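In terms of our numbering, the sequence shown opens at residue -5 and continues consecutively. Glycine included, each C-beta is placed from N, C-alpha and C at the ideal position. Nothing here was measured: the structure is a model prediction, and the numbers come from that model.
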Amino acid sequence: MILLEPYMVKAILIFYIAIAINAVYLALKYEKGYMKILWSLVSIFVPVIGSALYLIQFQINKKELRGIKN
């Protein structure tokens, strides 16, 4: 059994919070209407999965928009 050192726990917590904040920021900046609220709530209440899903969805939409503009 591997025990985490206190600095490892702090690093994981900081990374976890940074991802959640980034996902909420991007959702508030780029989403419209109820999707803005929905993605923010998912990222806050289910941070690891919700944030990862939003960041993946954001990258996919960003690539699709670049394809449309070109």
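Segment limits, alpha helix (DSSP H) that includes residue i
{"i": "V3", "result": "P0 to Y24"}
{"i": "L(-3)", "result": "Looking at the DSSP string, L(-3) is not in any alpha helix (DSSP H), and its letter there is neither H nor E."}
Cβ pair residue i, residue j closer than 9 Å
{"i": "L49", "j": "L22", "result": "no"}
{"i": "V42", "j": "Y10", "result": "yes"}
Where residue i falls: helix, strand or coil (DSSP)
{"i": "G61", "result": "helix"}
{"i": "G44", "result": "helix"}
Same chain only: Cβ atoms within 8 Å of residue i, ignoring 5 sequence neighbours per side
{"i": "N16", "result": "S45 and L49"}
{"i": "L(-2)", "result": "I6"}
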